[in-house]
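Single-structure report; data block below.
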Amino acid sequence: MRGESSEQVLNGQKIFEELFIIEGGNFNKAGEVASRIKVILKNMGIPDELVRRAALVAYESEINIVSYAKQGYMKLTVNPDLIMIESIDEGEGIVDIELAMQEGYSTANDRIREMGFGAGMGLCNIKNYSDYFDLRSKIGKGTYLKMIIESQQKNPKTE
Amino acid sequence: MELSSIINALSLRVVSGKDNLSNAVTGGYVGDLLSDVMGNGKSGDLWITRQVHQNIVAVASLKDLAGIVLVNNCEPAEDTIQKGVKEGIPIMISEMPGFDVAGKVYNLIKKDHHE
Ligand SMILES: Nc1ncnc2c1ncn2[C@@H]1O[C@H](COP(=O)(O)OP(=O)(O)OP(=O)(O)O)[C@@H](O)[C@H]1O
Ligand SMILES: [Mg+2]
């Protein structure tokens with residue numbers, strides 16, 4: 011699950027990066043990357059509220075990769091200003107992004123629904139809990155998601 | 005209010021997270037859809053559900069929930085218990101249906117706030 015992590019200083023700013031691999035279809039491991047990200051952020055001394063929001067967006071995108079893709083990667087970047095989580099997968103892609111963003115819309119199959127997924131709320135959660143997010147997808151190729159949580163909150167979001 | 009007080013009052017059977025029964029319960033959330041709980045649950049909530057798949061442990065852990073109550077005597081899957089033990093998440097089982105559990109927990113928390 012873990013890739014390499016690195017810490018570097020750029021223009022006097024400390025930047026932390028770590029890459030994770032996510033296995034499509036493996037629901038026994040689903041959530042492990044989000045848990046790892048939560049521990050890393052907590053150990054950095056980032057406030058609980060921000061850690062929980064980052065863990066949530068990481069979790070929802072991790073579950074979507076496990077549900078709808080063969081394989082995917084997640085990259086965590088932390089600098090003093092923000093927490094950025096990017097996910098990219100090799101999967102079926104999203105046909106209609108606007109539709110997928112609607113609460114309640116889901117193409118989850120029975121197996122996925124039996125485990126409690128498939129409410130069609132994951133992408134809405136990501137939108138609500140991040141300060142910025144960008145979703146791009148190519149049908150039959152895969153999906154890219156970029157989620158940013160700012161350390162200095164201009165518009166504090168409540169949990 | 006302390007989780008252990010709720011466990012005693014409702015005679016819940018604890019199957020994991022026995023070291024964390026002093027967790028503070030500040031509210032509750034009822035739901036079987038994981039992303040509903042992810043989006044709408046709050047840290048410190050007691051989660052009342054009949055969802056028994058191991059993914060409930062990750063949700064409770066990521067959201068800093070106080071614990072999980074399985075209703076209607078639902079038995080958690082074996083790997084759910086193992087994960088709960090590993091992550092220190094209290095999983096408890098009630099014989100009552102969700103409506104009764106929620107009502108009782110609600111009243112206990114409300115009473116606790118008034119005292
Ligand atoms: N990475 C992805 N690859 C392909 N399709 C995706 C991906 N992420 C989301 N989708 C599509 O968008 C729909 C909505 O996603 P969303 O996460 O909001 O809900 P869900 O996964 O169906 O259910 P929930 O997240 O509530 O358990 C999915 O049902 C799926 O069709
Ligand atoms: Mg989803």
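Residue numbers (our numbering), protein chains in the order written: chain A, 11 to 169; chain B, 5 to 119.
Where is the CB? At the ideal position from N, CA and C, for every residue including glycine.
None of the values given here were measured: they were computed from a predicted structure.
- CA-CA distance, B/T53 and A/K52? As a first step, residue 53 of chain B must be located in the second sequence, where it is residue number 49. As a first step, residue 52 of chain A must be located in the first sequence, where it is residue number 42. Their backbone Cα atoms lie some 28 Å apart in a straight line.
- Item | Alpha-carbon to alpha-carbon, A/Y139 and B/V63 | For the purposes of this step, residue 63 of chain B is identified with residue 59 of the second sequence, where counting begins at 1. For the purposes of this step, residue 139 of chain A is identified with residue 129 of the first sequence, where counting begins at 1. In a straight line, the C-alpha of B/V63 is about 15 Å away from that of A/Y139.
- Message: Against B/L112, what residues of chain A qualify as contacts under a CB-to-CB distance less than 7 Å, listed in chain order?
- Response: Translated into positions along the second sequence, residue 112 of chain B becomes position 108. Chain A residues near B/L112: none, gap ~23 Å exceeds 7 Å.
- Helix, strand or coil: how does DSSP classify B/V19 here? Indexing the second sequence from 1 puts residue 19 of chain B at position 15. If DSSP states are grouped into helix, strand and coil, B/V19 belongs with the strands.
- Task: Give me whichever residues DSSP pairs with A/E160 in a beta bridge.
- Result: On the first sequence, position 150 is the one that residue 160 of chain A refers to. Partner(s): A/L92.
- Message: Considering only heavy atoms of ligand 1, does any lie closer than 7 Å to the CB of A/Y78?
- Response: As a working mapping, residue 78 of chain A is identified with position 68 in the first sequence. For ligand 1, at least one heavy atom lies less than 7 Å from the Cβ of A/Y78.
- Message: Counting only C-beta atoms, is A/S71 closer than 8 Å to chain B at any point?
- Response: Taking the first sequence and counting its residues from 1, one reaches residue 71 of chain A at position 61. Judged by the 8 Å Cβ criterion, A/S71 is not in contact with chain B.
- Contact check, B/G88 vs B/G21, beta carbons under 8 Å: Position 84 of the second sequence, counted from the first residue, corresponds to residue 88 of chain B. Position 17 of the second sequence, counted from the first residue, corresponds to residue 21 of chain B. Result yes, Cβ atoms of B/G88 and B/G21 sit closer than 8 Å.
- Can you find at least 3 beta carbon pairs, one from the segment 79 to 97 of chain A and one from the segment 34 to 41 of chain A, that sit closer than 8 Å? yes
- Return yes when at least one heavy atom of ligand 1 lies under 7 Å from the C-beta of B/I60, else no. Position 56 of the second sequence, counting from 1, holds the residue named residue 60 of chain B. B/I60 Cβ: outside cutoff for every heavy atom of ligand 1.
- chain B beta carbons: is any one of them nearer than 8 Å to that of A/R63? Working through the first sequence from its first residue, we reach residue 63 of chain A at position 53. Output row for A/R63: interface = no.
- Task: Please indicate yes or no: does the CB of A/F127 lie closer than 7 Å to some heavy atom of ligand 1?
- Result: Within the first sequence, residue 127 of chain A is the residue found at index 117, counting from 1. Answer for A/F127: yes, Cβ within range of ligand 1.
- Message: Taking CB distances under 8 Å as the criterion, tell me whether B/G43 reaches chain A.
- Response: Position 39 of the second sequence, counted from the start, is the residue given in the question as residue 43 of chain B. Judged by the 8 Å Cβ criterion, B/G43 is in contact with chain A.
- Message: Only counting the same chain, and skipping five residues up and downstream in sequence, which positions put a Cβ closer than 6 Å to that of A/S15?
- Response: As a first step, residue 15 of chain A is located in the first sequence; it is residue number 5 there, counting from the start. Closer than 6 Å at the Cβ level, and outside the excluded window around A/S15, lie E28.
- Cross-chain neighbours of A/N138 in chain B, by beta carbon under 8 Å: Numbered from 1 along the first sequence, position 128 holds the residue referred to as residue 138 of chain A. Within 8 Å Cβ-Cβ: G43.
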